[in-house]
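Those letters in the sequence shown? Residues -29 to -1, 1 to 555, per mature numbering (1 follows the signal peptide of the UniProt record, and there is no 0), in order. Beta carbons: idealized from backbone N, C-alpha and C, even for Gly. Structure, as structure tokens:
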Amino acid sequence: MATSKKGLMAMVYIHSAFILIFLSSPCQSNDQLTQTKPLLLEDTLISEGGDFALGFFSPTNSSKKLYIGIWYHRVTERTVVWVANRDNPITTPSAMLAITDNLELVLSDSQGHTLWTATGNTSGDAGGAASAVLLNSGNFVLRLPNGTEVWQSFDHPTDTILPTMRILLSFKTQPATRLIAWKGPDDPSSGDISSGMDSTNLQLFIWKGALPYYRYPVVNDMAVAGAMYQQSNGNAVIMYETRVNAGDALYYTYTVSSGSPYTRFSFDYTGKGRLLSWNSTASSWTVIVEHPHSCDLYASCGPFSYCDQMGPLPTTCQCPDGFELLNGLNFSRGCRRKEELKCGAGNYFMAMSSMKLPDKVTSSCTLRIEPLTSVLTSALETAPDTFLCIVRRKSSLLKILLPIILCVLLLMLGALVWTCKSRGKRQKKRVQKRRMLEYLSSTDDAGDKNINFPFISFENIVTATDNFSESNLLGKGGFGKVYKAWNMWKDGKPEDFLDSSVTESCSLDEVSGCIHIGLLCTQDDPSCRPLMSTIVSMLENKATPLPTPKQPKDFALRDYNPGNEGVHRELSVNDTSLTMVQGR
């Protein structure tokens, strides 16, 4: 019996050794591991596109602690974006990452100690061997044979957000995603800096331990934003941010355009959140966006004060109007009211524009009793206004009302002067017009008087003629063009004023005859106009000589009479002769 047991154990040992030798003989360089092919210490998984790698690493060459993580494969400076066993490093000479029959990813050392596990969310029989694949997005997923993903590293980030990664902001059945920075530049273990959604309000925070360190604006249910960032080497990163409301869950994700350099968002142990882009020319990471700034730190100026980031200094703490420092020049204790509020004593609210407001500003309007903290001015036009109740002081009220009254008086005085001048100009024009009419209707004796004719400025002439528009020329449509056409026709030159399209389609004799008949039909004296039968006869018998038409009335003399053509009679009005007006 003992012999059979020893033989069985020997066979199991030989079989296990054969499997390990077979698996460890070549170093893995593909993108997945299976239940029969674990990841050993010297192995590395490379994503199909070659952008990311997964394997064992040490933060420094001198450190004996090993971690399993994901980093950029084509970046010369090793940049780790995810760590599995960050709080439980490997200290033994060897280790192995394997998939168990229970669909668990298990990291164990050579002594058989389990250092890290990841359990897939499955129900029922998996139906075959599972595999773990490193995607080209940097996501490490555990898959069933049918392709269902039961676990992924994107759901368990460390300190980095990669493109297409979905960060859970709010969910009714589980806590929101929390990013935790490294403890130090060479220590991947969990540090004091963390970031995530406040459990009581839709607002992202950066915490330093258990205390708020920086807060983002309040998150809406759904929003889409885009931006383009330019690198010094000419490469551009086009980034799209999206917040998706999926029923009970609210997610945040971002993507970058195709062809953009490597982009990541990470938190470090100093409390800084940075959006970085890889500069292949300089072989370094370029900071695109960084926050928080000194003025953004939570409660940096104390209660009832605000931080002015538009001031001359990077951080300028100020007390609102009606408040004063509580402790000399030290803003750590904030400000206090100069006078206490008195019910019915004429208090008023002062508008403070472009302010980043404190927490829970989206709640219903209430009387705020607790101190205001973490208020700062913002350069954004969309920053809301807040109103602060101030004790009304007579001296302050006088300082406000006096300039307003002076401005109103100056405006009224200016309006009065302008009205008087306009009225005087209109009166002067009426007098000048009246004198002009009196002069024109008076006798020749009025010529001895000194009459001031109105002066017309060049600007008025330009306005009246629409900048000397051709449509405002004297005689247009009545005198000038008709006069020229009449003289040309009378001189036997009708072709000089005919349109080229007419001469090309008809003979000049036909057109000239039609013009002749048309002039006869438009004579001013109706008795001189031919009958319709005569017109038909003229058109049919082109050889018949036509009577000569008389001059059009458009440029006839003022005393024109259809019955006395050519007779000029002198007319006078009220025995006053008209003379030519000439400059003196």
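How is residue i classed by DSSP in three states: helix, strand or coil?
| i | result |
| --- | --- |
| D462 | coil |
| D130 | coil |
| E481 | helix |
| L113 | strand |
| N120 | One point to set straight first is that residue 120 is Glu, not Asn, in the sequence displayed. Of the three classes helix, strand and coil, the one that applies to E120 here is strand, per DSSP. |
| D169 | coil |
| T474 | helix |
| N262 | Asn is not the amino acid found at residue 262; the sequence shown has His there. Reduced to three states, the DSSP call for H262 is strand. |
| Q3 | strand |
| R406 | helix |
| P497 | helix |
| M383 | helix |
| R304 | strand |
| Q289 | strand |
| F176 | strand |
| L490 | helix |
| S248 | strand |
| L12 | coil |
| P374 | helix |
| S237 | strand |
| S102 | strand |
| V388 | helix |
| G218 | coil |
| G395 | helix |
| T135 | coil |
| D157 | coil |
| D163 | strand |
| T434 | helix |
| F125 | helix |
| A198 | strand |
| N456 | A quick correction: the sequence has Ala, not Asn, at residue 456. Note: A456 maps to helix in three-state DSSP. |
| R186 | strand |
Residue i lies in the alpha helix (DSSP H); which residues open and close that run?
| i | result |
| --- | --- |
| S141 | It is not in any alpha helix (DSSP H) - S141 instead sits in the beta strand (DSSP E) that spans 138 to 142. |
| I61 | Run containing I61: none; DSSP gives neither H nor E here. |
| M503 | 503 to 511 |
Here's the rule I'm using: 16 or more other beta-carbon atoms within 10 Å means buried, otherwise exposed. How should residue i be labelled?
| i | result |
| --- | --- |
| G218 | exposed |
| G293 | buried |
| G162 | buried |
| A101 | buried |
| H84 | exposed |
| N110 | buried |
| R45 | exposed |
| S237 | buried |
| D14 | buried |
| L338 | Its pLDDT being 44, under 50, L338 is placed unreliably in this model, and the coordinates cannot settle the point. |
| V507 | exposed |
| R235 | buried |
| W153 | buried |
| W389 | exposed |
Take residue i and list the residues in its own chain whose beta-carbon comes closer than 7 angstroms to its own, dropping the five residues that flank it on each side.
| i | result |
| --- | --- |
| D2 | L16, I17, S18, E19, V104, L105 |
| R57 | Y38, T129, P159, S160, S161 |
| A181 | none |
| L86 | N56, N59, I61, L78, S79, D80 |
| L268 | Y184, Y185 |
Where do the ends of the beta strand (DSSP E) carrying residue i lie?
| i | result |
| --- | --- |
| V54 | 51 to 54 |
| D80 | 75 to 80 |
| L25 | 23 to 28 |
| E295 | 294 to 298 |
| G40 | 38 to 43 |
| L268 | Counting along the chain, L268 falls outside any beta strand (DSSP E), and DSSP gives it neither H nor E. |
| G83 | Premise fails: G83 is in no beta strand (DSSP E) and is neither H nor E. |
Residues in its own chain within less than 6 angstroms of residue i by CB, not counting five upstream and five downstream?
| i | result |
| --- | --- |
| T224 | R137, T213 |
| A66 | L12, D80 |
| A89 | L76, W122 |
| F468 | A456, M459 |
| I259 | Y200, L246, S248 |
| K370 | none |
| N92 | V121 |
| S231 | V208 |
| V538 | Bear in mind that a pLDDT of 40 at V538, under 50, signals an unreliable position, so the number given afterwards is only what the model happens to contain. Closer than 6 angstroms at the Cβ level, and outside the excluded window around V538, lies no residue. |
| A253 | none |
| Q6 | I70, A100 |
Apart from the five residues just before and just after residue i, which ones in its own chain have a Cβ nearer than 8 angstroms to its Cβ?
| i | result |
| --- | --- |
| L175 | L140, S166, G167, M168, D169, R186, Y187, V190 |
| C306 | G273, P274, F275, S276, C290, P291, F294, E295, L296, L297 |
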